[in-house]
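Numbering (UniProt numbering), first residue to last: 1 to 787.
Using N, Cα and C, we set each Cβ at its ideal position, and we do this for glycine too.
Notes follow once the structure below has been shown.
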């Protein structure tokens with residue numbers, strides 16, 4: 001029996017109404033053959049009981065038939081639809097390769113969901129993107145050449161020439177070489193874009209790459225009047241199975257990617273609270289996003305259709321949640337095994353949703369991926385028990401930035417100015433995180449100053465990027481200090497920090513003796529560079545305890561804290577202890593004295609900022625930014641080390657104990673938000689109690705110049721030797737066991753602060769290894785505290 005259609009006709013064909021008695025006559029819901037041929041409206045038989053012809057056939061005396069039935073035509077086949085979708089997908093891929101920094105969805109429309117498609121809602125979405133009705137199109141942005149400021153000074157520092165912080169390269173006799181290098185980079189980029197390989201147009205290939213040799217060969221053949229169409233000829237002879245990406249490999253790039261869990265997405269009102277908290281407390285210290293642009297994309301619900309932007313939003317929520325007092329931003333009670341750590345779960349529900357979205361390493365990195373790396377690094381900094389995972393996160397971001405060629409200024413010239421500035425911001429944020437983490441973990445830097453030549457971020461607030469006409473864009477009003485100004489000064493300190501790490505803390509200095517020889521003989525050159533940075537600091541960014549704006553006070557405080565931390569880092573590695581002749585009245589006190597002066601300044605700034613926050617009514621835990629933690633930690637260890645060298649009854653000891661109490665108070669406030677600060681608090685309190693205990697003996701050299709003996713009620717007189725380590729003393733000079741033990745405790749604590757022995761799975765063998773290594777130096781109470 002043939003299947004019946006909804007209108008009652010069989011799928012074998014429609015027939016005219018029958019006059020058989022008992023059958024109910026009805027109107028035929030299709031045009032007759034004659035009307036279909038002429039493509040005119042057919043009203044069908046008006047009254048099938050009287051006449052079976054339509055009005056047109058009656059008028060012309062034609063036979064009204066219904067033989068050419070089309071009821072079996074159900075539309076295009078499934079394979080046709082699949083091929084059409086693949087064709088559209090290829091076109092979108094080509095557009096993304098041609099415009100890697102443009103969100104194609106804002107020009108062609110959001111993704112189509114066949115299960116939940118509704119034409120009215122989709123039309124409204126098209127209108128929200130400014131896409132006109134078909135066949136009109138929204139024009140793509142036309143790349144225009146941009147004028148860049150002079151490049152940064154990225155030449156290696158020598159003992160004879162010390163660069164000013166942030167000094168830019170002056171173009172002179174090397175102009176031709178720079179222009180040639182830029183032309184080569186652009187030529188290589190254009191050459192790679194001609195290769196019909198997936199992702200080649202969006203990825204950077206440096207001159208060491210073999211692709212550069214092929215590019216040079218092509219240019220040489222062209223200059224010699226030979227056939228320059230090397231790539232075009234290759235396209236005719238190449239074997240497609242090795243060049244063309246098969247469909248299964250294309251599909252593999254989307255494997256493992258999932259949409260966000262909308263059930264945990266913050267409700268309206270809470271999302272605004274989280275976004276405001278992020279820009280007020282996080283982006284203020286590390287500018288990454290453009291707030292008006294981000295808000296515009298969020299308001300038009302780009303997070304529902306764009307995978308990368310939804311990941312950025314989740315990490316914005318996670319970072320902002322630390323400063324929002326709302327139980328909805330924390331993990332539920334079902335997810336907690338203990339209630340003591342509940343206060344530290346703010347934002348982790350969004351972080352878990354971010355992790356569940358997955359990530360595919362086969363995909364070409366985008367701007368959203370770089371921003372995600374920065375946001376994820378900020379979230380993990382100080383929030384997790386295992387902070388060493390931070391290195392894995394930002395390293396991927398740096399590699400992705402280099403993959404896109406963001407570190408090369410000439411390759412960024414074709415990018416839309418707004419998109420370009422967002423890329424530049426993301427790169428410099430990764431640069432700062434790399435410098436900060438290299439010091440925190442004691443690891444080599446992932447990027448050197450000689451490996452990039454892009455300019456600093458523009459010293460312009462977000463709201464002036466796209467305001468007014470073309471001529472007034474990116475213009476900061478005169479007399480108004482931008483939120484980015486402090487960040488630029490931090491980046492200048494980062495460059496000095498890189499020289500400190502490279503010159504003083506390099507593992508194998510023999511391989512780069514030209515750069516490090518002068519620095520290893522004295523820290524005065526680096527100290528001069530830091531003093532020059534301070535002298536050139538704009539007046540608006542200088543530390544002023546009476547500043548009426550607490551937000552500005554926080555920014556200037558973090559800036560000066562970082563400066564004093566760099567100061568202490570210059571001299572810290574040169575501090576070692578020897579025992580001079582008592583008649584020597586002029587011991588060299590510079591290294592430790594410089595460290596102590598920097599530590600006192602750090603303590604004073606933290607104490608003043610915390611006191612002002614209480615006067616301003618700032619919520620507990622929000623007074624000190626996470627960037628305060630590293631300088632405070634370093635200053636506290638310097639005080640603890642110095643406390644082992646002073647006499648119990650001296651006024652200097654009481655002053656240093658007062659500074660330690662100030663630092664501990666600051667860490668107690670920070671530990672309400674940042675988990676790592678709680679570890680530092682426990683460490684400070686434990687060792688402060690130890691050094692407060694009265695000592696009846698101190699150490700001095702025994703007679704004869706060898707060994708060490710106890711001397712009752714004698715103050716230890718230290719001699720600070722330049723270019724030595726605590727365990728490499730000159731021959732014949734003894735070392736205090738108490739001081740060596742203090743140094744080893746501090747070293748052990750640094751490793752334990754990085755999560756060693758934190759109780760994670762599989763940590764027991766590692767813990768036994770560390771116990772064997774530090775068995776002679778670590779007191780049992782320290783191990784029980786941190787294991």
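Item checked: Sequence-distant residues of its chain with Cβ nearer than 6 Å to residue 573 (five each side left out) -> Counting from one through the chain shown, the residue named residue 573 turns up at place 573. 504, listed in sequence order.
Notebook entry, point to check: When the Cα of residue 449 is compared with those of 498, 405, 472 and 355, which residue comes out closest?
Noted result: For this step, residue 449 is matched to residue 449 along the chain shown. Of the listed residues, the one whose Cα sits closest to residue 449 is 498.
Check: Do residue 609 and residue 624 have their C-beta atoms within less than 8 Å of each other?
Finding: Stepping through the chain shown from its first residue, residue 609 is reached at position 609. Stepping through the chain shown from its first residue, residue 624 is reached at position 624. Yes, these two residues count as a Cβ contact at 8 Å.
Item checked: Presumed contact (8 Å Cβ cut-off) between residue 526 and residue 575, rounded CB distance -> Numbered from 1 along the chain shown, position 526 holds the residue referred to as residue 526. Numbered from 1 along the chain shown, position 575 holds the residue referred to as residue 575. Contact flag wrong, Cβ pair sits at about 15 Å.
Check: Does the region 307-319 touch the region 346-359, meaning 3 or more C-beta pairs lie closer than 8 Å?
Finding: Counting Cβ pairs under 8 Å, three or more are found: they touch.
Checklist line | C-beta atoms of residue 368 and residue 308 nearer than 8 Å | finding: Residue numbering aside, residue 368 sits at position 368 when the chain shown is read from its first letter. Residue numbering aside, residue 308 sits at position 308 when the chain shown is read from its first letter. Yes, the pair counts as a contact, with Cβ atoms nearer than the cut-off.
Checklist line | Buried versus exposed call for residue 437 [16 or more other C-beta atoms within 10 Å across all chains shown] | finding: Your numbering for residue 437 matches position 437 in the chain shown. So residue 437 counts as buried.
Margin query: As a quick exercise: from 507, 463 and 484, pick the residue whose alpha carbon is nearest that of residue 445.
Written below: Along the chain shown, one-based indexing puts residue 445 at 445. Nearest option by C-alpha distance: 507.
Check: Span of the alpha helix (DSSP H) holding residue 89?
Finding: Numbered from its first residue, the chain shown carries residue 89 at position 89. From DSSP, the alpha helix (DSSP H) with residue 89 extends over 78-98.
Notebook entry, point to check: Of the residues 435, 555, 140 and 255, which one's Cα is nearest the Cα of residue 280?
Noted result: Along the chain shown, one-based indexing puts residue 280 at 280. Checked all of 435, 555, 140 and 255; the closest Cα to residue 280 is 555.
Next item on the list: Tell whether a beta-carbon distance below 8 Å holds between residue 64 and residue 53.
Entry: Position 64 of the chain shown, counted from the start, is the residue given in the question as residue 64. Position 53 of the chain shown, counted from the start, is the residue given in the question as residue 53. Yes; because the gap between Cβ atoms is below 8 Å, this pair is in contact.
Check: Hey, quick one: how far does the alpha helix (DSSP H) through residue 329 stretch, first residue to last?
Finding: Working through the chain shown from its first residue, we reach residue 329 at position 329. Where residue 329 is concerned, there is no enclosing alpha helix (DSSP H), given that its DSSP letter is neither H nor E.
Note to self: Comparing C-alpha positions only, which one of 391, 431 and 414 sits nearest to residue 402?
What the structure shows: Taking the first residue of the chain shown as 1, we reach residue 402 at position 402. Ranking the options by Cα distance to residue 402, first place goes to 431.
Item checked: residue 415 in three-state terms, based on DSSP -> By 1-based counting over the chain shown, the position of residue 415 is 415. Coil at residue 415, not helix or strand.
Check: Nearest to residue 90 by alpha carbon, out of 32, 251 and 342?
Finding: Start at 1 with the first residue of the chain shown, and residue 90 comes out as number 90. Nearest of 32, 251 and 342 to residue 90, Cα basis: 251.
Check: Roughly how many angstroms separate the alpha carbons of residue 626 and residue 592, rounded to a whole number?
Finding: Looking up residue 626 in the chain shown gives position 626. Looking up residue 592 in the chain shown gives position 592. Near 26 Å, if we compare the C-alpha coordinates of residue 592 and residue 626.
Margin query: Short of 7 Å in beta carbon distance, which residues of its chain neighbour residue 283, apart from the five on each side in sequence? Order them along the chain.
Written below: Here residue 283 refers to the residue found at position 283 when the chain shown is read from its first residue. Counting only Cβ-Cβ distances below 7 Å, and skipping sequence neighbours, we find 289.
Next item on the list: Drop a sphere of 10 angstroms on the beta-carbon of residue 371, count the other beta-carbons inside from all chains shown, and report buried for 16 or more, exposed for fewer.
Entry: The residue given as residue 371 occupies position 371 in the chain shown. Flag for residue 371 reads buried.
Check: residue 467 and residue 473: beta carbons closer than 8 Å?
Finding: On the chain shown, position 467 is the one that residue 467 refers to. On the chain shown, position 473 is the one that residue 473 refers to. Taking 8 Å as the cut-off, the beta carbon of residue 467 is found closer than this to the beta carbon of residue 473.
Margin query: Alpha carbons only, please: which of 673, 686, 427 and 689 is nearest the one belonging to residue 343?
Written below: Position 343 of the chain shown holds residue 343. The candidate whose alpha carbon is nearest that of residue 343 is 673.
Note to self: Rounded to the nearest angstrom, what separates residue 38 and residue 471 at their Cα positions?
What the structure shows: On the chain shown, position 38 is the one that residue 38 refers to. On the chain shown, position 471 is the one that residue 471 refers to. In a straight line, the C-alpha of residue 38 is about 60 Å away from that of residue 471.
Next item on the list: Locate the alpha helix (DSSP H) running through residue 552, then write down its first and last residues.
Entry: Locating residue 552 in the chain shown gives position 552, counting from the first residue. Bounds of the alpha helix (DSSP H) holding residue 552 are 550-572.
Notebook entry, point to check: If you scan the region 325-407 from start to end, which runs of the alpha helix (DSSP H) of 4 or more residues do you find wholly inside it?
Noted result: If we require 4 residues or more, the alpha helix (DSSP H) runs fully inside the region 325-407 come out as 348-356, 367-380 and 390-404.
Next item on the list: Check whether the region 530-540 touches the region 555-567, counting contact only when three or more Cβ pairs, one atom from each stretch, lie closer than 8 Å.
Entry: Flag = yes, the region 530-540 and the region 555-567 touch.
Notebook entry, point to check: Should residue 57 go down as buried or exposed, given a rule of 16 or more other Cβ atoms within 10 Å for buried?
Noted result: Indexing the chain shown from 1 puts residue 57 at position 57. Result: buried.
Notebook entry, point to check: Do you know whose CA, among 68, 61 and 60, lies nearest residue 31's CA?
Noted result: Position 31 of the chain shown, counted from the start, is the residue given in the question as residue 31. Of the candidates 68, 61 and 60, the one whose C-alpha sits nearest the C-alpha of residue 31 is 68.
Check: So the alpha helix (DSSP H) residue 312 belongs to, where does it begin and stop?
Finding: In the chain shown, counting from the first residue as 1, residue 312 sits at position 312. Residues 307-320.
Notebook entry, point to check: Under a three-way DSSP split, which group does residue 652 fall into?
Noted result: Here residue 652 corresponds to residue number 652 of the chain shown, with the count starting at 1. Here residue 652 sits in helix by DSSP.
Note to self: So, with DSSP's three-state summary, where would you put residue 596?
What the structure shows: Position 596 of the chain shown, counted from the start, is the residue given in the question as residue 596. Residue 596: helix per DSSP, three-state reduction.
Check: Helix or strand or just coil, what does DSSP make of residue 677?
Finding: In the chain shown, the residue the question calls residue 677 occupies position 677. Helix, per DSSP.
Item checked: Where the alpha helix (DSSP H) through residue 537 begins and ends -> As a first step, residue 537 must be located in the chain shown, where it is residue number 537. Judged by DSSP secondary structure, residue 537 falls outside any alpha helix (DSSP H); it is assigned neither H nor E.
Check: Of the choices 44, 140 and 632, whose alpha-carbon is the least far from that of residue 416?
Finding: Taking the chain shown and counting its residues from 1, one reaches residue 416 at position 416. The shortest C-alpha separation from residue 416 is found at 140.
Checklist line | Whole-angstrom distance between residue 419 and residue 245, CA atom to CA atom | finding: Here residue 245 refers to the residue found at position 245 of the chain shown. Here residue 419 refers to the residue found at position 419 of the chain shown. Approximately 29 Å between the Cα atoms of the pair.
Note to self: Going by beta-carbon coordinates alone, are residue 359 and residue 319 separated by less than 8 Å?
What the structure shows: Walking along the chain shown from the start, residue 359 turns up at place 359. Walking along the chain shown from the start, residue 319 turns up at place 319. Not closer than 8 Å, so no.
Note to self: Can you tell me whether residue 213 is helix, strand or coil according to DSSP?
What the structure shows: By one-based count along the chain shown, residue 213 stands at place 213. Three-state DSSP puts residue 213 in a helix.
Note to self: With distance defined between alpha-carbon atoms, name the residue in 539, 326 and 440 nearest to residue 387.
What the structure shows: By one-based count along the chain shown, residue 387 stands at place 387. The candidate whose alpha carbon is nearest that of residue 387 is 440.
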